[in-house]
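Input: a single structure, listed below in structure tokens.
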Amino acid sequence: MCSLHFLNFLLINFCTGAYFMLLRLLTRYFLAFAVLLFALKPSSAQVANNKIIKVFIDAGHGGRDPGNEARQRGMKDEKHLNLEISLKLGKYISERIKNTKVIYSRTTDKKISLDDLVNIANNSGADYFISIHCNSNPNRAIYGTRTHIHSHKFKASRNLAFIIEKEFSTRAGRKSRGVMDARDRGYNLQALQYTKMPGVLVECGFMTNPTEEKFLNSTLGQDYIASAIFRAFRTFLHESNVHVEDRDNIYKVQILASTAPVNLKERRFQKLDSRVEEYKFPGQTYGYRYMVGREYDLETAKKLMRKLRNEGFKDAFVVSLKDGEYKTSRVSR
Ligand SMILES: [Zn+2]
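Every number in this note's numbering is 145 more than the matching position in the sequence shown, counting from 1.
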């Protein structure tokens with residue numbers, strides 16, 4: 146949408162739609178709004194080598210999984226907000242940054258399992274992964290944005306995340322709650338751990354905070370969020386000194402090797418909170434090996450190994466593995 150259409154679009158909403166809230170928001174954000182329109186002008190900067198840059202945008206949840214539920218009357222569940230913001234973000238990126246292709250996890254209200262999401266993203270050949278979510282907290286006073294990454298040692302993800310949070314706080318009038326990795330959180334996010342490209346998961350605000358829930362549900366609020374992420378992504382492409390990450394050299398924990406396939410529905414596997422993957426090594430005696438985790442440093446892999454030993458897999462050990470080649474070597478005792 147060009148700036149003029151965008152303005153018309155907002156004027157139409159302004160005249161016929163949700164008068165009060167938009168009027169208030171427009172007044173309150175008038176100056177910032179002018180800045181927003183200016184910043185949305187198409188980028189003239191060329192992206193290096195004219196290579197097509199593929200961006201995978203994941204609208205979190207969907208279908209039977211609503212995510213966080215709407216709190217106030219007339220407000221939408223998280224899955225709808227995520228989709229609306231994702232579609233706006235994708236439109237801005239594909240229309241305003243040359244040589245980009247946007248791939249969506251979903252464009253309708255349907256559920257995609259985390260395993261499927263990871264596989265779809267990895268098989269899409271995407272260069273970047275952006276997942277859109279909205280947050281909740283038992284404390285209704287808490288509000289603001291947060292961007293998650295897998296690890297601070299992944300510099301491309303980290304740079305993108307910090308630029309997004311900066312855009313939120315300086316240009317979109319949001320309170321930034323900063324950038325967190327798995328260690329900060331104390332847990333992994335599968336979508337960020339198992340995807341093979343630089344990635345961020347953006348929490349666009351708290352639906353449990355009444356003011357922020359209204360903002361997230363408003364057309365203008367969604368435009369602010371989507372355009373802030375769009376500008377951040379554009380800045381990242383043009384200014385970050387690192388755009389790729391080594392996610393091929395990984396560590397996994399082998400919990401079992403077998404001469405024949407093992408049923409992964411067995412209780413001993415089901416009770417683990419990590420998913421178990423089967424790797425086949427044709428021609429070898431123990432041709433079926435069962436692995437857990439996807440770690441990018443030995444220390445974290447050993448921690449997972451100790452946890453799995455405590456959970457009943459006494460012989461678990463760490464292997465280093467070049468992803469895609471299926472070559473393993475034992476690196477722990
Ligand atoms: Zn969510």
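Ideal Cβ placement from N, Cα and C applies to all residues, glycine included.
Residues near residue i by beta carbon distance below 6 Å, same chain, minus five either side
i      : result
Met220 : Glu358, Asn362
Ala266 : Phe201, Phe274, Thr340
Lys300 : Val387
Asp468 : Asp393, Ile395
Ala215 : Lys221, Asp222
Ser385 : Asn304
Leu401 : Tyr435
Thr473 : Val464, Leu466
Phe360 : Gly366
Gln335 : Leu259
Ile197 : Asn244, Lys246
Residues near residue i by beta carbon distance below 8 Å, same chain, minus five either side
i      : result
Glu456 : Lys416, Leu417
Gln237 : One detail in the question is off: residue 237 reads as Tyr in this sequence, not Gln. Correct list, in chain order: Leu185, Ala371, Ser372, Phe375.
His225 : Asp254
Asn284 : Thr353
Lys298 : Tyr441, Asp442
Arg209 : Lys256
Gln217 : Pro355, Glu358, Lys359
Val421 : Ile400, Leu409, Phe414, Tyr435, Met436, Val437
Under 8 Å between C-beta atoms of residue i and residue j
i      : j      : result
Cys279 : Asn244 : no
Leu259 : Ala371 : no
Val263 : Tyr332 : no
Pro211 : Tyr273 : no
Ser321 : Thr356 : no
Leu305 : Val247 : no
Leu232 : Ile294 : no
Lys199 : Ser269 : yes
Arg439 : Lys410 : no
Ser465 : Val437 : no
Glu423 : Tyr435 : yes
Leu382 : Ile242 : yes
Asn354 : Ile308 : no
Tyr431 : Lys425 : no
Gly205 : Lys256 : no
Phe351 : Ser281 : yes
Cβ shell of residue i (< 7 Å), same chain only, five flanking positions each side left out
i      : result
Glu310 : Thr290, Thr292, Ser321, Gly323, Val324
Gln296 : A small fix is needed here, since residue 296 is Ser in this sequence, not Gln. Once the five neighbours on either side are set aside, the close Cβ partners of Ser296 are Asp326, Ala327, Tyr441.
Ser477 : Lys447, Met450, Phe462, Val463
Arg413 : Gly457
Ile230 : Ile277, Cys349, Gln367, Ile370, Ala371
Phe313 : Thr290, Arg319, Ser321, Ala373
Ala405 : Tyr433
Val407 : Leu401, Tyr433, Tyr435
Arg475 : Phe462, Val464
Ala271 : Lys199, Val200, Phe201, Ile248, Met342
Asn195 : Asn244
Original post:
Mind pulling the alpha helix (DSSP H) runs of 4 or more residues that sit fully within the segment 357 to 445?
Top reply: 364 to 384, 412 to 415
Original post:
Given 8 Å as the limit, is there contact between the segment 368 to 383 and the segment 303 to 321, that is, 3 or more CB pairs closer than that?
Top reply: yes
Original post:
What alpha helix (DSSP H) runs, 4 residues minimum, are completely inside the segment 247 to 282?
Top reply: 259 to 268
Original post:
With contact counted as at least three CB pairs below 8 Å, one residue from each stretch, are the segment 248 to 255 and the segment 387 to 401 in contact?
Top reply: no
Subject >> Beta carbon nearer than 6 Å to a non-hydrogen atom of ligand 1 >> reply: Gly205, His206, Gly212, Glu223, His278
Subject >> Uninterrupted beta strand (DSSP E) stretches inside the segment 302 to 326 (no shorter than 3 residues) >> reply: 321 to 325
Subject >> Segments of 4+ residues assigned as alpha helix (DSSP H) that fall wholly inside the segment 214 to 246 >> reply: 223 to 241
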